[in-house]
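Data block below; observations after.
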Amino acid sequence: MTTGAGARLLEGAPIAEEIRANVKADVAAFTAANGRPPALAVVVCGRSAPSMVYLERILKACASAGIDGRFVDVEGESVTAQAEGLAAAVRELSADATVSGIIVQMPLPAGINLRVVVDAIDPLKDIDGIHPLNAGLLRLGYEGFVPATAHAALEMLERSGVVIPGAEAVVIGRSPVVGMPVAFMLVKGGATVTVCHSRTRDLAVHTSRADIVVVAAGRPGLVTGRMLKPGAVVVDVGINVVEGRIVGDVDFPSASAVASAITPVPGGVGPLTNALLLAHLVRAAQRQSAESAATHVSPISAIAPPPTQGAS
Ligand code: NAD
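In structure tokens:
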């Protein structure tokens with residue numbers, strides 16, 4: 009499908025549907041072989057409305073894929089009690105052999121450091137890639153778990169036939185959840201990558217020479233058509249609410265008049281994120297099941313070495 013302005017519209021739903029169908033088949037095979045479905049624990053501490061919507065959507069997707077989705081609610085009278093409850097819950101789930109993957113509602117309540125979760129989560133169950141071990145594996149080119157949103161941005165490019173090797177790519181945003189993992193994956197894919205952020209002096213200088221622009225800043229209208237090279241591919245990861253409507257970080261009307269392909273918001277990267285999270289869960293379950301005969305599974309020994317080890 010193309011936009012009114014002629015750019016190809018990169019929609020997430022058809023790709024997500026394909027991924028979900030594969031997940032469903034893999035879940036059925038896992039369940040038949042193990043006598044139980046893979047389980048995903050969704051840990052919530054201090055409910056915030058937008059992320060609750062996201063988590064409820066994940067649990068619904070679990071149900072339709074045959075995954076045992078478990079909601080774990082951590083309560084506490086004080087921040088200290090909440091932090092202790094969170095650490096205890098994540099530690100218990102990490103030790104529970106029937107749980108294959110764990111995600112924790114983000115952002116954590118004010119005053120609770122991410123370290124509380126990181127210190128408790130088993131990296132082999134960290135299916136949204138928040139643990140430094142998984143971040144390090146990505147950095148070194150190994151196959152660990154990458155954050156699902158960053159994976160979705162890359163999957164969108166790859167499945168849409170965008171050529172990554174040799175491309176000039178600009179990533180706007182340097183967060184550990186989106187910007188940096190996208191940048192590392194693009195480098196691994198052979199692109200020449202520039203990472204822009206809030207201290208970048210002139211964004212347009214960089215975006216105007218990029219073949220691929222991935223935007224994850226959380227700033228509506230940040231990238232406009234006049235900042236883009238004609239024919240660029242634009243992936244908009246941003247989710248912002250403006251006057252009650254969900255919009256991305258890219259000014260869609262002007263950008264789609266210049267780009268050759270562009271993701272809509274909503275309907276682009278978002279639908280892929282959930283589907284890929286479940287795909288990560290299945291991978292975690294399969295890996296844990298294959299390794300269960302071993303007495304001790306090192307997070308690194310369970311992970312394949314990088315295919316291009318030694319390549320410069
Ligand atoms: P973040 O706030 O952690 O990071 C934002 C990044 O953008 C920072 O690195 C900052 O330096 C950069 N930035 C901010 N203003 C800028 C500017 N004017 N120019 C250049 N860079 C600027 O956010 P995040 O968690 O990385 O999320 C980014 C966006 O992606 C948000 O809109 C968020 O809602 C969205 N998001 C979408 C999904 C999804 O599934 N589609 C998932 C997670 C996050």
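Numbers in the numbering used here are just positions in the sequence shown, counted from 1, shifted up by 8.
Quick reminder that beta carbons are idealized off the backbone N, C-alpha and C, glycines included.
Computed from a prediction, not measured in an experiment: that's the story for all the values here.
Rounding to the nearest angstrom, what Cα-Cα distance links residue i and residue j in this structure?
i	j	result
Ala199	Ala36	37 Å
Gly256	Glu26	24 Å
Ala40	Ala293	13 Å
Ala218	His288	30 Å
Thr232	Glu299	49 Å
Val179	Thr10	24 Å
Arg207	Val98	36 Å
Val52	Arg234	42 Å
Gly169	Gly239	14 Å
Pro45	Val61	24 Å
Arg295	Ser216	43 Å
Phe146	Arg55	In the sequence as displayed, the identity of residue 146 is Leu instead of Phe. Computed Cα separation, rounded: 31 Å.
Ala175	Gly137	26 Å
Ile254	His205	22 Å
Arg182	Gly144	16 Å
Gly93	Lys68	25 Å
Ala105	Val250	43 Å
Arg65	Ala91	25 Å
Asn42	Leu132	18 Å
Ala406	Pro261	Examination of residue 406 is not possible in this model, given that the chain is present from 9 through 320 alone.
Ser297	Val82	28 Å
State the CB to CB distance for the pair residue i and residue j, rounded to an integer number of angstroms; the pair is presumed to be in contact (CB under 8 Å).
i	j	result
Ile110	Leu101	5 Å
Val241	Leu194	The pair is not a contact, with the Cβ atoms about 12 Å apart (cut-off 8 Å).
Val243	Val222	5 Å
Asp127	Ala95	7 Å
Ala269	Ala15	6 Å
Gly229	Asp259	5 Å
Ala160	Leu284	5 Å
Val87	Ile120	6 Å
Ile75	Leu48	6 Å
Gly149	Lys196	6 Å
Leu17	Pro272	6 Å
At a cut-off of 7 Å, would you count residue i as near the ligand NAD, judging by its Cβ distance to the nearest heavy atom?
i	result
Arg182	yes
Asn121	no
His205	yes
Glu172	In the sequence as presented, Glu is not what sits at residue 172; that position holds Ile. It does not: the Cβ of Ile172 is nowhere closer than 7 Å to a heavy atom of the ligand NAD.
Thr88	no
Arg227	yes
Val277	yes
Thr211	Correcting the residue identity first, residue 211 is Leu in this sequence and not Thr. Yes; taking the cut-off as 7 Å, the Cβ of Leu211 has a heavy atom of the ligand NAD nearer than that.
Thr157	yes
Thr208	yes
Ala246	It is worth fixing the name first, because residue 246 is Gly in this sequence and not Ala. Yes, the Cβ of Gly246 comes within 7 Å of a heavy atom of the ligand NAD.
Thr281	yes
Leu194	no
Leu230	yes
Once you ignore the five residues that flank residue i on each side, which residues in its own chain have a CB closer than 6 Å to its CB?
i	result
Gln317	For Gln317, the predicted structure reports a pLDDT of 49, less than 50, and the residue's modelled location is therefore unreliable. A value from the coordinates is still provided. Here the set comprises nothing.
Gly226	Gly246
Val31	Ala73, Leu286, Ala287 and Val290
Pro140	none
Thr157	Val186 and Thr281
Val154	Gly137, Leu146 and Pro189
Ala29	none
Keeping to the same chain, check which residues put their C-beta closer than 7 Å to that of residue i; ignore five residues upstream and five downstream.
i	result
Ala212	Met235
Gly275	Glu19, Gly20 and Ala21
Gln113	Val51, Val52, Cys53, Ser59 and Leu63
Val107	Ala47, Ala49, Leu101 and Lys133
With a threshold of 8 Å between beta carbons, is residue i in contact with chain B?
i	result
Arg123	Among the chains of the structure shown, chain B does not appear; only one protein chain is present.
Do residue i and the ligand ATP come close, with the Cβ less than 7 Å from some heavy atom?
i	result
Val186	Absent from the structure shown: the ligand ATP. Ligands present: the ligand NAD.
Short of 8 Å in beta carbon distance, which residues of its chain neighbour residue i, apart from the five on each side in sequence? Order them along the chain.
i	result
Asn248	Gly226, Arg227, Pro228, Ile254, Val255, Gly256 and Asp257
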